[in-house]
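Top line first, the protein sequences correspond to chains X and W.
Taking the working numbering, the leading residue of the first sequence gets 19, the next gets one more, and so forth.
Taking the working numbering, the leading residue of the second sequence gets 19, the next gets one more, and so forth.
By construction, the Cβ of each residue, glycine as well, lies at the ideal position given by its N, Cα and C atoms.
Written out below as structure tokens is the structure these notes cover.
Number of protein chains: 2
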Amino acid sequence: MPPPPAAIGAAIADIDTPALVLELDAFERNLQRMTFAVRGAGVRLRPHAKSHKCPEIALRQVAAGAVGVCCQKVSEAEAMVEGGIQDVLVSNEVVGGQKLARLARLATRAKIGVCVDDAGNVAELERAARDAAAEIRVLVEINVGADRCGVEPGIPALALAQAVAAAKHLRFAGIQAYHGPAQHLRRVADRQTAIALATRKVRATKTLLEANGIPVETVTGAGTGTFLFEATSRVYSEIQPGSYVFMDADYNANEWSGFPDFEQSLFVLATVMSVPAADRAVVDAGLKASSVDSGLPQVVGRKGIEYAAASDEHGVLRIAPRAAAPRLGEKVRLIPGHCDPTVNLHDWIVCVRGGKVEALWPVAARGAMY
Amino acid sequence: MPPPPAAIGAAIADIDTPALVLELDAFERNLQRMTFAVRGAGVRLRPHAKSHKCPEIALRQVAAGAVGVCCQKVSEAEAMVEGGIQDVLVSNEVVGGQKLARLARLATRAKIGVCVDDAGNVAELERAARDAAAEIRVLVEINVGADRCGVEPGIPALALAQAVAAAKHLRFAGIQAYHGPAQHLRRVADRQTAIALATRKVRATKTLLEANGIPVETVTGAGTGTFLFEATSRVYSEIQPGSYVFMDADYNANEWSGFPDFEQSLFVLATVMSVPAADRAVVDAGLKASSVDSGLPQVVGRKGIEYAAASDEHGVLRIAPRAAAPRLGEKVRLIPGHCDPTVNLHDWIVCVRGGKVEALWPVAARGAMY
Numbered sequence: 019m020p021p022p023p024a025a026i027g028a029a030i031a032d033i034d035t036p037a038l039v040l041e042l043d044a045f046e047r048n049l050q051r052m053t054f055a056v057r058g059a060g061v062r063l064r065p066h067a068k069s070h071k072c073p074e075i076a077l078r079q080v081a082a083g084a085v086g087v088c089c090q091k092v093s094e095a096e097a098m099v100e101g102g103i104q105d106v107l108v109s110n111e112v113v114g115g116q117k118l119a120r121l122a123r124l125a126t127r128a129k130i131g132v133c134v135d136d137a138g139n140v141a142e143l144e145r146a147a148r149d150a151a152a153e154i155r156v157l158v159e160i161n162v163g164a165d166r167c168g169v170e171p172g173i174p175a176l177a178l179a180q181a182v183a184a185a186k187h188l189r190f191a192g193i194q195a196y197h198g199p200a201q202h203l204r205r206v207a208d209r210q211t212a213i214a215l216a217t218r219k220v221r222a223t224k225t226l227l228e229a230n231g232i233p234v235e236t237v238t239g240a241g242t243g244t245f246l247f248e249a250t251s252r253v254y255s256e257i258q259p260g261s262y263v264f265m266d267a268d269y270n271a272n273e274w275s276g277f278p279d280f281e282q283s284l285f286v287l288a289t290v291m292s293v294p295a296a297d298r299a300v301v302d303a304g305l306k307a308s309s310v311d312s313g314l315p316q317v318v319g320r321k322g323i324e325y326a327a328a329s330d331e332h333g334v335l336r337i338a339p340r341a342a343a344p345r346l347g348e349k350v351r352l353i354p355g356h357c358d359p360t361v362n363l364h365d366w367i368v369c370v371r372g373g374k375v376e377a378l379w380p381v382a383a384r385g386a387m388y
Numbered sequence: 019m020p021p022p023p024a025a026i027g028a029a030i031a032d033i034d035t036p037a038l039v040l041e042l043d044a045f046e047r048n049l050q051r052m053t054f055a056v057r058g059a060g061v062r063l064r065p066h067a068k069s070h071k072c073p074e075i076a077l078r079q080v081a082a083g084a085v086g087v088c089c090q091k092v093s094e095a096e097a098m099v100e101g102g103i104q105d106v107l108v109s110n111e112v113v114g115g116q117k118l119a120r121l122a123r124l125a126t127r128a129k130i131g132v133c134v135d136d137a138g139n140v141a142e143l144e145r146a147a148r149d150a151a152a153e154i155r156v157l158v159e160i161n162v163g164a165d166r167c168g169v170e171p172g173i174p175a176l177a178l179a180q181a182v183a184a185a186k187h188l189r190f191a192g193i194q195a196y197h198g199p200a201q202h203l204r205r206v207a208d209r210q211t212a213i214a215l216a217t218r219k220v221r222a223t224k225t226l227l228e229a230n231g232i233p234v235e236t237v238t239g240a241g242t243g244t245f246l247f248e249a250t251s252r253v254y255s256e257i258q259p260g261s262y263v264f265m266d267a268d269y270n271a272n273e274w275s276g277f278p279d280f281e282q283s284l285f286v287l288a289t290v291m292s293v294p295a296a297d298r299a300v301v302d303a304g305l306k307a308s309s310v311d312s313g314l315p316q317v318v319g320r321k322g323i324e325y326a327a328a329s330d331e332h333g334v335l336r337i338a339p340r341a342a343a344p345r346l347g348e349k350v351r352l353i354p355g356h357c358d359p360t361v362n363l364h365d366w367i368v369c370v371r372g373g374k375v376e377a378l379w380p381v382a383a384r385g386a387m388y
């Protein structure tokens, strides 16, 4: 693991760049806002750790009321359990003997859940749980509109739930119903419509399972863009938002009326490394420092200066005619286009408060993709 | 550093996924093709290590005739020197006291070059070299059409070269003239035209410097898409291609007539983790396993199956009506859209030959961005 880009107590100007900087005040307010938003709704909060990959953040989410976290990968879940999280849902299918053996071993150390959408996978999961003498909680993932993983709602979900319920070392724990694309529909009304449709599918499936003697203790899903709708649906019992702790340019572009006012807390700190022309400067953060899959990063607080192009290690800033040009060596804050893959590029989160580095948190699950 | 995704001697089917897989036969042929292509052209080969970030590969490039490597970051250069490379050009500007102190220290251990495009930066570089009692080779970067870093050709380059030449602990080593966007112009003729224009600017600048008593020992630049044109320009003395060792979907989309027949040697190995519908399957490699900045990955050898969408940890495959559907658990090879940022997501390169894992090479400079 590379050394951190700053020392505790250092000024922001002394952070080596490019670096991932977290404004602790804004981050803590985001935690509180989420706690407050779900209080009284009767749903459990299980934030998604794929966004931060950082046990230090997961521990603070649990301290703020979360029941545990979600992960997408077994290795992510291992890092979270190693970091002190006792309840992890792998909100994803896990396929193959090596991974399932690790998942089952992890389930002997912590409360572990996983999703399924295939009967053969249920059988392979049952063998892994039996071999490890573990109990694994299993949720049937249903497709509520994302068209990614998941069986169709209704009968196919019932058949799979019955297979899980019949497996000796698995415990049927409920339904996973996450609608990814809905998170980034810009208009609140469109997100609400998408989740209303998803909720109808979930409710029908839950009713069908229960009519067949299979209690559905958990219905889980939701992201930062829609969680209020799932939380008030009376059918979801758990929500999985992740990005709310950080925010990003893509989420900031959503309309948010009625939602908590989550603040941008995460930044890529960059240094101006070249000022070769009056209308152009170059920073040392390109697409290996800030993922561009959902758009370019945005420059903070510099009127007339725009991040116009990313190459591997460079970001070209376009400077408008009368804008104050950045100086060589100056530090610039960027809002990442998409927080999750950006965090995954970094080994450290440099936590700042009042202009000083207060803590250095390892991105312990950085690159954890197995 | 996470453990490698396979053991030496393992079959490809036993590699945990997603994993970065290098076909050694194809990789070695690519090394030979480059050696052969530049033999007799009178230029030195200094491959770019930003593509692979792997000293094991750099050592093989040197064994195949390279004089050393290029890097983009001081921390990358440190990893290369640590790995046994004795001659590194940081083909980029380095700004700020911390980084320059490290660069100067490195120059006491190996032959180190760096680029400049600012007189203030030359002064700060001179102080760092003096403080470390190091000699640093300095190249003036000129803008030959990329509109990124670099002073304009001609007089601005002369002024900067004079500043370097006057600095006691710096050695003026020549001109950096890299044309990034030209690499990906699809037509060979368009790439040739762009490099012909760049070459005219380089030649005029070299002539001007030499007329002013500043010998230009090195002119360096070029990438995989254009290197033949720089190599035969009679003004470039060194070329910097990087991607040729691996190739990627973006480079494969170029027209290549007259160029060596570089082969795709690098793959992201993925596992089919969900087959929820007749027209859709999902693999476990999304945009945290294969960078999508230059387009989606491509599925190898599966007619009618296309990688249609990437999310953080998922890749959705679209299956054409009469195509043979992939089975759950099946391994699929993907050609990354862009090799450089894809390699930077992984900690290990799994080297295979004849269907078996032959070696495991650490991506030692993964995440080296300082």
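For residue 116 of chain W, the closest C-alpha among the options W:81, W:314, W:149 is that of W:149.
According to DSSP, residue pairing for residue 89 of chain X in a beta bridge involves X:108. The three-state secondary structure of residue 369 of chain X, taken from DSSP, is strand.
In the three-state DSSP reduction, residue 324 of chain W falls in the strand class (E or B). Using beta-carbon distances, residue 244 of chain W does not count as an interface residue toward chain X, since no partner is under 8 Å. The shortest C-alpha to C-alpha distance from residue 188 of chain W to any of W:158, W:19, W:211, W:163 is the one to W:158. Closer than 9 Å at the C-beta level to chain X, one finds no residue of the region 250 to 279 of chain W.
Here DSSP, grouped into helix, strand and coil, assigns residue 174 of chain X to helix. Between the region 95 to 110 of chain W and the region 131 to 147 of chain W there are three or more inter-stretch CB-CB distances shorter than 8 Å, so the stretches are counted as touching. With a threshold of 8 Å between beta carbons, residue 22 of chain W makes no contact with chain X. For residue 208 of chain X, not one C-beta of chain W is nearer than 8 Å to its own C-beta.
In chain W, no part has a C-beta under 9 Å from the C-beta of residue 88 of chain X; the shortest such distance is about 12 Å.
Collapsing the DSSP output to three states places residue 291 of chain X in a strand. Per the C-alpha coordinates, the member of W:386, W:241, W:72 positioned closest to residue 202 of chain W is W:241. At the C-beta level, residue 197 of chain X and residue 173 of chain X stay beyond 8 Å of one another. When CB distances to chain W are screened at a threshold of 9 Å, the residues of the region 276 to 302 of chain X falling below it are 289, 290, 291, 292, 293, 294, 295, 298, 300, 302, in chain order. Taken in chain order, the whole alpha helix (DSSP H) runs of length 4 or more contained in the region 301 to 350 of chain W number zero. Residues of the region 110 to 131 of chain X with a C-beta less than 8 Å from any C-beta of chain W: 110, 111, 112, 113, 114, 116, 117, listed in chain order.
In this structure, residue 331 of chain X sits near residue 306 of chain X, with a CB-CB distance shorter than 8 Å. Residue 104 of chain W is positioned such that its CB atom lies closer than 8 Å to that of residue 86 of chain W. Taken in chain order, the whole beta strand (DSSP E) runs of length 3 or more contained in the region 119 to 195 of chain X are 129 to 134, 154 to 159, 188 to 194. By the neighbour-count definition (other C-beta atoms within 10 Å, threshold 16), residue 333 of chain W is a buried residue.
In this structure, X:97 is the residue among X:295, X:97, X:287, X:23 with its C-alpha nearest to the C-alpha of residue 388 of chain X.
Separation of the CB atoms of residue 66 of chain X and residue 210 of chain X is rounded to 21 Å, and the pair is thereby denied contact status at 8 Å. Per DSSP, the beta bridge partners of residue 257 of chain X are X:63, X:239. Contacts with chain X at 8 Å (Cβ-Cβ) do not include residue 216 of chain W. Under the DSSP assignment, residue 56 of chain W falls in the alpha helix (DSSP H) whose first and last residues are 42 to 56. Residues of the same chain with a CB within less than 8 Å of the CB of residue 247 of chain X, apart from the 5 flanking positions on each side, are 209, 210, 213, 214, 217, 240 in chain order. Ranking X:281, X:303, X:376 by CA distance to the CA of residue 49 of chain X puts X:281 first. Minimum Cα-Cα distance from residue 32 of chain W among the listed residues W:322, W:68, W:301, W:373 corresponds to W:373. The Cβ atoms of residue 261 of chain W and residue 69 of chain W sit closer than 8 Å to each other. DSSP places residue 381 of chain X outside both helix and strand once states are collapsed to three, so it counts as coil.
In chain order, 68, 90, 91, 110, 387 make up the part of chain X whose C-beta sits under 8 Å from the C-beta of residue 331 of chain W. Under the three-state reduction of DSSP, residue 209 of chain W is assigned to helix.
A distance below 6 Å between beta-carbons, with the five flanking residues on each side excluded, links residue 152 of chain W to the following residues of its chain, in chain order: 122, 125, 126. Here residue 298 of chain W is buried, its C-beta having at least 16 other C-beta atoms within 10 Å.
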